[in-house]
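The listed protein sequences derive, respectively, from chains A and B. Following my numbering, the numbering of the first sequence begins with 1 at its first residue and continues without gaps. Following my numbering, the numbering of the second sequence begins with 479 at its first residue and continues without gaps. Even glycine gets a Cβ: it sits at the ideal position worked out from N, Cα and C. Being a predicted model, the structure only gives us computed values, none of them experimental. Only one structure is covered here, and it is reproduced in the block below.
Number of protein chains: 2
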Amino acid sequence: MESQNTNQEKEGVVGRVLALPKVVKEKVLGISRLTKEIAKDDPRKVIHSIKVGLSISMVSLFYYYQPLYENFGLSAMWAVITVVVVFDYTVGATLGQGLNWTVGTFGAAALGFGAHHLASLSGATAEPILIGVFVFMLAAITSFIRFFPKAKARYDYGILIFIVTFSFISVSGFRDNEVLEMVHKRLSTTVIGGSACVMISIFICPVWAGEEFHYSIANKLEILGDYLEAFAHEYFKISKEGEFKDNKGDSTDKSVLEGYKNVLNSKSSDEYLVNFARWEPGHGKFKFRHPWDLYLQIGAISRECAYQMETLNAHLSFDVQGSSKIRCTIQELCLEMSLESSKVLQELGSSIKTMTMSSSSNTHVANAKVVVKSLKSLLQSSSSKEIDLLSLISIMTMTSLLIDIVEFIEKIADLVNDLATITHFHIDDTSKSPKPKSSQSPHYDCAESGNKTNNLQLIILVEESTLAVSESEKSIIV
Amino acid sequence: MESQNTNQEKEGVVGRVLALPKVVKEKVLGISRLTKEIAKDDPRKVIHSIKVGLSISMVSLFYYYQPLYENFGLSAMWAVITVVVVFDYTVGATLGQGLNWTVGTFGAAALGFGAHHLASLSGATAEPILIGVFVFMLAAITSFIRFFPKAKARYDYGILIFIVTFSFISVSGFRDNEVLEMVHKRLSTTVIGGSACVMISIFICPVWAGEEFHYSIANKLEILGDYLEAFAHEYFKISKEGEFKDNKGDSTDKSVLEGYKNVLNSKSSDEYLVNFARWEPGHGKFKFRHPWDLYLQIGAISRECAYQMETLNAHLSFDVQGSSKIRCTIQELCLEMSLESSKVLQELGSSIKTMTMSSSSNTHVANAKVVVKSLKSLLQSSSSKEIDLLSLISIMTMTSLLIDIVEFIEKIADLVNDLATITHFHIDDTSKSPKPKSSQSPHYDCAESGNKTNNLQLIILVEESTLAVSESEKSIIV
Chain A
1 MESQNTNQEK EGVVGRVLAL PKVVKEKVLG ISRLTKEIAK DDPRKVIHSI KVGLSISMVS
61 LFYYYQPLYE NFGLSAMWAV ITVVVVFDYT VGATLGQGLN WTVGTFGAAA LGFGAHHLAS
121 LSGATAEPIL IGVFVFMLAA ITSFIRFFPK AKARYDYGIL IFIVTFSFIS VSGFRDNEVL
181 EMVHKRLSTT VIGGSACVMI SIFICPVWAG EEFHYSIANK LEILGDYLEA FAHEYFKISK
241 EGEFKDNKGD STDKSVLEGY KNVLNSKSSD EYLVNFARWE PGHGKFKFRH PWDLYLQIGA
301 ISRECAYQME TLNAHLSFDV QGSSKIRCTI QELCLEMSLE SSKVLQELGS SIKTMTMSSS
361 SNTHVANAKV VVKSLKSLLQ SSSSKEIDLL SLISIMTMTS LLIDIVEFIE KIADLVNDLA
421 TITHFHIDDT SKSPKPKSSQ SPHYDCAESG NKTNNLQLII LVEESTLAVS ESEKSIIV
Chain B
479 MESQNTNQEK EGVVGRVLAL PKVVKEKVLG ISRLTKEIAK DDPRKVIHSI KVGLSISMVS
539 LFYYYQPLYE NFGLSAMWAV ITVVVVFDYT VGATLGQGLN WTVGTFGAAA LGFGAHHLAS
599 LSGATAEPIL IGVFVFMLAA ITSFIRFFPK AKARYDYGIL IFIVTFSFIS VSGFRDNEVL
659 EMVHKRLSTT VIGGSACVMI SIFICPVWAG EEFHYSIANK LEILGDYLEA FAHEYFKISK
719 EGEFKDNKGD STDKSVLEGY KNVLNSKSSD EYLVNFARWE PGHGKFKFRH PWDLYLQIGA
779 ISRECAYQME TLNAHLSFDV QGSSKIRCTI QELCLEMSLE SSKVLQELGS SIKTMTMSSS
839 SNTHVANAKV VVKSLKSLLQ SSSSKEIDLL SLISIMTMTS LLIDIVEFIE KIADLVNDLA
899 TITHFHIDDT SKSPKPKSSQ SPHYDCAESG NKTNNLQLII LVEESTLAVS ESEKSIIV
């Protein structure tokens, strides 16, 4: 038995060694696939890498040539460090970090020079003690400041370079005039490196954090809208052409049904982008004081929507067999509600993207609210005599979640309207106004329902009352 | 009119100047309040700041003294930079960044030396061109690697220092032996700075990322449990003593009802901590290969729970007036379900914290599942004859959400059981086993319900069937 085990072990080791080239090959293939994906997904990332390479080699060669080297000496290396740390993907991040870096360096240089001077006045024995105390205090205080959430998010690099520069200058064992010269060199190299970054970042294929944030928020709304559309199609088994879909037929693309998951955890990326968007000067359609806070609010409510969708998703697997009359009518209205909501979100997303405002999203909001109203009145007038509550629980939950989503969408629409007013969105009158609801929504056919005519009558009844309310509502809203 | 305007403007300016000391005072007071809060909330943050101050002043003074200075020259400054960048709050982060920093420096030094040697062989004209090409390529490639999400999360500092060191060494205009000496100095100062950080971080009041992660996951479960308890008390207006609560009475502490909001966006902090926990050696109750992935999974499902709670929270404002018989019974069972779930979460949280496993959480899970079963059978046997569907929709949604929460909690309990098996939790037999449900749950009194005796009979009926299932279930589970 033992020899068998040893044999197996040997085979295992040999097998692993033989498999090594394969594993390495797979790793390499995996990395190259990832590289291609990233490059294809956003070619600006490749351009960014080339920009960084360019600025670092520029600054390095500047250091390489002897005349310049003699002027700056080893301090010239600081230009390279500055470029490496400061140069970021977006203009806002580069500007923010550059400003941080410069302010941190200048402040620390001034303080460090003061500390050095004070310590050198106090005599040979007290000098190292005083310097030690200064460095200790400054380092401890600045490390503590890094725990403040706002300071960490905005000024982290500034604080880091502050500590480095301060201890560098206060500790240096030179005489005052030498220290001054060193400070001068240190500051000029920093300024050279920093301004090289900022110039290249702004003037060669700039990537603006504000623009990224703007499109990411618009994308979020479209993703949520697509989800609601896909949900309606999946849940009610209706194909895009509005026909009742066979259960065995191709189901909706699963990736659309999982898109909202990216929205769930988008808070940190929103905050990251807005932090840098605030540093950016006006560019293109965005002014310096663009109302980024409104975008943050839209982002927050779209996350609320995504939470509801996460809950909603649990009800996708619910089966529609054995529908009762009431359930069938509720489903019809839910389908309409989700399709209207989906249209609102998609249109708001595209109107943010293009910065044009069409009135049709408002009409869709009004439509969705009308459906909510008629749904509520339907529910109020019905009681489930023919069906048990357990088989109603899923559809009731779905209804309630969809109603909540409509409320959130109304809030989003209000915020986008505010945004349109403040930033003067172009008003688009040419867009075709939405058709009346009844013809527009794909008709949901309760195939399993026993009494078809009765069911249709009920739907028509509800539709009529709906349209009646719709007219009066529209006159208030428009 | 104009002079009035000018007067007003003057007054405005004067007013602002007069208000300046007040504004500054308020700012200062705000900052000192925040400082006190952070220091009180986690005194280890103060200790960390002192540790950083200590190590930087140690390394600085090491540079200050002439004999050492003569050995290392300006390179000694790298020790300070290393400490500032590498020293982080947790041991894992410090170790990870230290390793990154060291590997990045060594790798870049070797490559840089090679590039320098190669370029110097190629003659005076080709040298700067070759060096420029090398630096450009390395810088562009490494900048692109920073877009890989995994590389960014784990090796960002390593990549940064790689570019800096590489261009520093390949560019330097010295002869080969001088470069070798410089590389030697650079590496020794880095190692000195890095090991100072790691030593101080591990041996003086260490803060372990793994421990932080462990407790943060346990805390999350407790927060969610507290929420469910508070939800039950708030929704069913029952005080902690199990009595029906007056609407005007003190409501549950609002902060508990909003605690779950911190769980919603905890994904990034979870991933941040687990990244560093993986670098840490065994410490205390945690071995080197502690199953951190299980914690990540528990964290993910607790976020799912939090999403449900966010949806649930919308139903808090629902009023309990005019309850019907069915609704009253459903509410009774929902109350039990949420209290049992809350107990499961609280116990799982505390059993992770203390790393002891008591069987009572399993019993509570079984109880919650029994309540779900009896709730489902109650719903199956009921239809709403006396009440319209609209007034049922909120309670039905709540029921459905609570049922979903029970499912998630079951998954969490399974994961915690796995964790307990793998990491050998201490088994606690002394804990009092939970009392039978009927006496334990605060009795929900449907004060407004018309027919009290009928209602009670129904509850007792359900309770009996519940207990019957409970016994058989327990025998399977235990």
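Which residue's Cα is closest to the Cα of Lys-763/B: Leu-772/B, Lys-698/B, Lys-831/B?
-> As a position in the second sequence, residue 763/B is number 285, starting the count at 1. Ranking Leu-772/B, Lys-698/B, Lys-831/B by Cα distance to Lys-763/B puts Lys-831/B first.
Own chain partners of Phe-408/A with C-beta closer than 6 Å, once the 5 adjacent residues on each side are dropped | For the purposes of this step, residue 408/A is identified with residue 408 of the first sequence, where counting begins at 1. Taken in chain order, the residues that qualify are Ile-301, Glu-304, Cys-305.
Using the Cα positions of Leu-20/A and Val-13/A, report the straight-line distance between them to the nearest angstrom.
-> Position 20 of the first sequence, counted from the start, is the residue given in the question as residue 20/A. Position 13 of the first sequence, counted from the start, is the residue given in the question as residue 13/A. Going from the Cα of Leu-20/A to the Cα of Val-13/A covers about 11 Å.
Taking Asp-404/A as the query, report the chain B residues whose CB atoms sit under 8 Å from its CB, ordered along the chain.
-> Taking the first residue of the first sequence as 1, we reach residue 404/A at position 404. Per Cβ cutoff of 8 Å: Thr-789, Ala-792.
Going straight from the alpha carbon of Asn-455/A to that of Ser-382/A, what length do you get?
-> Sequence index remark: in the first sequence, residue 455/A carries index 455 (1-based). Sequence index remark: in the first sequence, residue 382/A carries index 382 (1-based). Below a pLDDT of 50, predicted positions are generally treated as unreliable, and Asn-455/A, at 39, falls in that range; the measurement from the model is reported next regardless. In a straight line, the C-alpha of Asn-455/A is about 14 Å away from that of Ser-382/A.
Within 10 angstroms of its Cβ, does Val-502/B collect 16 or more other Cβ (buried), or is it exposed?
-> Mapped onto the second sequence, residue 502/B falls at position 24. Counting Cβ neighbours within 10 Å, Val-502/B comes out exposed, since fewer than 16 surround it.
Within-8 Å CB hit, Ser-374/A to chain B = Here residue 374/A refers to the residue found at position 374 when the first sequence is read from its first residue. Cβ-Cβ to chain B under 8 Å: no for Ser-374/A.
Given 8 Å, three or more beta-carbon pairs between the region 603-621 of chain B and the region 23-42 of chain A | no
Count the other CB atoms within 10 Å of the CB of Met-615/B; is the residue buried (16 or more) or exposed (fewer)?
-> Translated into the one-based positions of the second sequence, residue 615/B becomes position 137. It counts as exposed.
Since Ala-115/A and Phe-134/A are thought to touch, with beta carbons under 8 Å apart, how far apart are those beta carbons, to the nearest angstrom?
-> The count along the first sequence starts at 1 and reaches residue 115/A at position 115. The count along the first sequence starts at 1 and reaches residue 134/A at position 134. About 5 Å separates the two Cβ atoms, so the contact holds.
Three-way DSSP call (helix, strand, coil) for Thr-834/B in this model = By 1-based counting over the second sequence, the position of residue 834/B is 356. Note: Thr-834/B maps to strand in three-state DSSP.
Roughly how many angstroms separate the alpha carbons of Ser-510/B and His-283/A, rounded to a whole number?
-> Indexing the second sequence from 1 puts residue 510/B at position 32. Indexing the first sequence from 1 puts residue 283/A at position 283. Their Cα atoms are separated by approximately 38 Å.
Can you check DSSP and say which residues form a bridge with Ile-427/A?
-> Start at 1 with the first residue of the first sequence, and residue 427/A comes out as number 427. Bridge partners of Ile-427/A: Met-357/A.
Cβ pair Leu-868/B, Lys-376/A closer than 8 Å | Within the second sequence, the letter at position 390 stands for residue 868/B. Within the first sequence, the letter at position 376 stands for residue 376/A. Yes.
Should Tyr-542/B be flagged as near chain A, meaning a C-beta pair shorter than 8 Å?
-> On the second sequence, position 64 is the one that residue 542/B refers to. Yes, Tyr-542/B counts as interfacial toward chain A.
Okay, do the region 735-750 of chain B and the region 845-854 of chain B touch, 3+ Cβ pairs below 8 Å being the bar?
-> no
Measure the alpha-carbon distance for Glu-310/A versus Ala-230/A and round it to whole angstroms.
-> For this step, residue 310/A is matched to residue 310 along the first sequence. For this step, residue 230/A is matched to residue 230 along the first sequence. Rounded to whole angstroms, Glu-310/A to Ala-230/A spans 14 Å at the Cα level.
So what does His-283/A bridge to, in DSSP terms?
-> Start at 1 with the first residue of the first sequence, and residue 283/A comes out as number 283. Its beta-bridge partners are Phe-286/A.
Give a yes or no on contact between the region 657-674 of chain B and the region 558-567 of chain B, applying the rule of three or more CB pairs nearer than 8 Å.
-> yes
Go through its chain and collect everything with a Cβ distance to Ser-816/B's Cβ below 7 Å, but skip five positions before and after it.
-> The count along the second sequence starts at 1 and reaches residue 816/B at position 338. Here the set comprises Leu-706, Phe-709, Ala-710, Leu-880.
Can you list the residues of chain B that Asn-265/A reaches, using a CB-CB cut of under 8 Å?
-> On the first sequence, residue 265/A is found 265 positions in, with the first residue counted as 1. Chain B residues near Asn-265/A: Asn-743, Lys-745, Ser-746.
Can a CB atom of chain A be found closer than 8 Å to the CB of Gln-786/B?
-> Locating residue 786/B in the second sequence gives position 308, counting from the first residue. Closer than 8 Å: yes.
What does a CB cutoff of less than 6 Å around Ile-202/A pick up in its chain, not counting 5 residues either side in sequence?
-> Here the question's residue 202/A lines up with position 202 in the first sequence. Result list for Ile-202/A: Val-91, in chain order.
Own chain partners of Gly-98/A with C-beta closer than 7 Å, once the 5 adjacent residues on each side are dropped = Against the first sequence, residue 98/A aligns to sequence position 98. Cβ neighbours of Gly-98/A beyond the five flanking positions: Val-86, Gly-194, Cys-197, Val-198.
Residue-chain proximity (Phe-625/B, chain A), Cβ-Cβ < 8 Å | Here residue 625/B corresponds to residue number 147 of the second sequence, with the count starting at 1. Chain A, which has a Cβ nearer than 8 Å to the Cβ of Phe-625/B, makes this yes.
Flag Met-677/B as yes if its beta-carbon sits less than 8 Å from any beta-carbon of chain A, otherwise no.
-> Locating residue 677/B in the second sequence gives position 199, counting from the first residue. No, Met-677/B does not count as interfacial toward chain A.
Pick from Tyr-541/B, Pro-627/B, Trp-556/B, Ala-587/B: whose alpha carbon is nearest that of Thr-35/A?
-> By one-based count along the first sequence, residue 35/A stands at place 35. Looking at the Cα atoms, Pro-627/B is the closest of the given residues.
Close-in-space but distant-in-sequence residues of the same chain around Phe-691/B (CB under 8 Å, 5 per side omitted) | Locating residue 691/B in the second sequence gives position 213, counting from the first residue. The residues are Asp-748, Leu-751, Val-752, Ala-755, Trp-770, Tyr-773.
Cβ contact check for the region 354-362 of chain A and the region 411-427 of chain A: 3 or more pairs under 8 Å | yes
Taking Gly-210/A as part of the alpha helix (DSSP H), name the residues at either end of that continuous run.
-> Along the first sequence, read from residue 1 onward, the residue named residue 210/A stands at position 210. It spans 209-235 - the alpha helix (DSSP H) in which Gly-210/A sits, taken as one unbroken run.
So, helix, strand or coil for Cys-683/B, using DSSP?
-> Locating residue 683/B in the second sequence gives position 205, counting from the first residue. Looking at Cys-683/B - three-state DSSP - the assignment turns out to be coil, as it is neither helix nor strand.
Residues within the region 47-61 of chain A neighbouring chain B, beta-carbon criterion of under 9 Å | His-48, Ser-49, Ile-50, Lys-51, Val-52, Gly-53, Leu-54, Ser-55, Ile-56, Ser-57, Met-58, Val-59, Ser-60, Leu-61
Boundaries (first-last residue) of the alpha helix (DSSP H) holding Gly-158/A = Here residue 158/A refers to the residue found at position 158 of the first sequence. 149-171 is the extent of the alpha helix (DSSP H) around Gly-158/A.
Under three-state DSSP, which class holds Glu-810/B?
-> On the second sequence, residue 810/B is found 332 positions in, with the first residue counted as 1. Three-state result, Glu-810/B: helix.
For Leu-599/B, is the classification buried or exposed, using 16 other Cβ atoms within 10 angstroms of its Cβ as the cut-off for buried?
-> Stepping through the second sequence from its first residue, residue 599/B is reached at position 121. Exposed, since its Cβ has fewer than 16 Cβ neighbours within 10 Å.
Can Ile-883/B and Cys-683/B be called in contact, C-beta distance under 8 Å?
-> For the purposes of this step, residue 883/B is taken as the residue at position 405 of the second sequence. For the purposes of this step, residue 683/B is taken as the residue at position 205 of the second sequence. No.
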